[in-house]
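Residue numbers (full-length UniProt numbering): 1 to 271.
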Amino acid sequence: MDSEKLISEAEELPRTVVRRVAKEKLSNDGVQESTLHAIWECPALRQVWDSAFSWVIKDYPSFLSFKDLVELVGQHSQRLDLFATAAWLVWYRRNKLRLKETCLPVEKIYEQASSYLFEFQHRPQSSIGKAWPKAIKCKPPACGDIKSNYDGATFNETGEERIGVVVRLDSSEVLAALSEKIPLLYSIEVLEALAARRAAQFVVELGLQYTVLEGDSELVFKALTTDSSPRSSIGHIIKDTLSIVSSLRTHSFSHTRRQDNSVAYAFSQEN
1 MDSEKLISEA EELPRTVVRR VAKEKLSNDG VQESTLHAIW ECPALRQVWD
51 SAFSWVIKDY PSFLSFKDLV ELVGQHSQRL DLFATAAWLV WYRRNKLRLK
101 ETCLPVEKIY EQASSYLFEF QHRPQSSIGK AWPKAIKCKP PACGDIKSNY
151 DGATFNETGE ERIGVVVRLD SSEVLAALSE KIPLLYSIEV LEALAARRAA
201 QFVVELGLQY TVLEGDSELV FKALTTDSSP RSSIGHIIKD TLSIVSSLRT
251 HSFSHTRRQD NSVAYAFSQE N
């Protein structure tokens with residue numbers, strides 16, 4: 001397959017981030033490799049596609065071209081963006097390997113693609129969750145008197161996850177709460193990290209200047225409170241969270257047991 005053919009196939013892709021996939025000839029020990037094999041058929045990539053595209057592997061064992069594969073996935077619009085993002089990461093990793101540079105492990109590609117896509121689709125906008133009261137403009141008490149508990153819940157049967165946040169006084173008086181639905185991410189650590197970031201953003205939206213952010217994920221808590229680099233799948237989310245809370249006058253982080261975080265968990269279950 002010549003380079004012009006590869007480029008013509010790539011031009012059919014619906015997302016700009018993947019259109020660069022075929023602009024370079026692929027070679028393996030001097031033998032040209034197709035885009036289809038480099039991104040989809042290579043056995044080493046099976047774990048990338050098994051998570052969300054096993055139905056393709058099962059029902060359509062072979063394709064004539066990468067274009068045919070994209071057209072098939074495109075019939076399921078809710079998966080096309082995820083496919084394009086994962087394909088781009090596969091290609092990006094391939095280039096890193098060719099240059100002998102550090103690259104994302106294959107087993108992390110799907111998780112990273114889900115995270116990137118969620119970040120893009122849920123850029124900070126007006127809140128879509130339910131909050132009561134709408135905002136609190138009263139003078140907040142000293143730090144420690146306002147606690148923001150966060151949690152996440154997964155619903156495999158409906159293919160979605162939810163984030164719950166409860167902002168309250170130490171006296172247990174609830175100041176505000178929200179519950180938001182997000183796409184299924186297949187990663188508990190990403191879900192918990194997103195819940196922490198949403199809690200921080202919610203505090204800012206409420207006009208508060210002091211809070212303790214509390215959740216039951218020890219992994220997220222350590223990522224927020226230590227200088228060590230967090231896992232690549234949540235690193236950018238942790239950085240966002242720290243950036244958001246830096247706008248507050250005072251903040252701190254706290255870790256609690258799951259049974260002590262029941263209120264936030266209950267809101268993550270809200271429909």
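Glycine is no exception: its CB is placed at the ideal position from the N, C-alpha and C atoms.
query, result
"Of the listed residues Glu107, Ala52, Thr241, Phe66, nearest to Glu41 (C-alpha basis)", "Phe66"
"For Ser34, the nearest candidate out of Ser254, Phe253, Leu69, Tyr60 (CA to CA)", "Leu69"
"Interface flag, Ile39 vs chain C, CB-CB below 7 Å", "Looking for chain C here will not work: only one protein chain is present."
"Every unbroken beta strand (DSSP E) within the segment 161–233, with a cutoff of 3 residues, ordered by chain", "174–183, 210–215"
"One or two residues paired with Asn149 in a DSSP bridge", "Val166, Glu214"
"CB-CB length for residue 272 against Val167, believed under 8 Å", "The requested residue 272 does not occur in the structure, where the chain is confined to residues 1 to 271."
"Neighbourhood of Ser247 by C-beta distance below 7 Å, restricted to the same chain and skipping five residues each side", "Val204"
"Residue range of the unbroken alpha helix (DSSP H) whose run includes Phe120", "109–121"
"Nearest-angstrom beta carbon gap, Ala193 and Ile234 [assumed within contact, 8 Å]", "4 Å"
"Three-way DSSP call (helix, strand, coil) for Ser246 in this model", "coil"
"Contact check, Val90 vs Leu80, beta carbons under 7 Å", "no"
"Thr102 - DSSP class collapsed to helix/strand/coil", "coil"
"Buried versus exposed, by CB contacts within 10 Å (16 or more), Gln47", "exposed"
"Proximity winner among Leu208, Leu36, Leu178, His251, relative to Ala87 (alpha-carbon distances)", "Leu36"
"Span separating the alpha-carbon of Thr241 from that of Tyr150", "13 Å"
"Distance, Val190 Cα to Ala38 Cα", "28 Å"
"Burial state of Gln121 (16 or more Cβ within 10 Å)", "exposed"
"Beta-carbon separation (whole angstroms), Glu111 vs Ser187, contact threshold 8 Å", "5 Å"
"Residues that Phe253 bridges to, as DSSP identifies them", "Leu213"
"Check whether Arg162 and Lys147 have beta carbons under 7 Å apart", "no"
"Candidates Pro183, Asp145, Asp227, Ala153, of which the one nearest Glu213 by Cα", "The displayed chain sequence assigns Leu, not Glu, to residue 213. That would be Asp145, whose Cα lies nearest to the Cα of Leu213."
"Test item: CB-CB of Thr154 and Leu117 under 7 Å", "no"
"Unbroken alpha helix (DSSP H) run spanning Ile57, endpoints", "46–59"
"Residue(s) in a DSSP beta bridge with Phe155", "Glu160"
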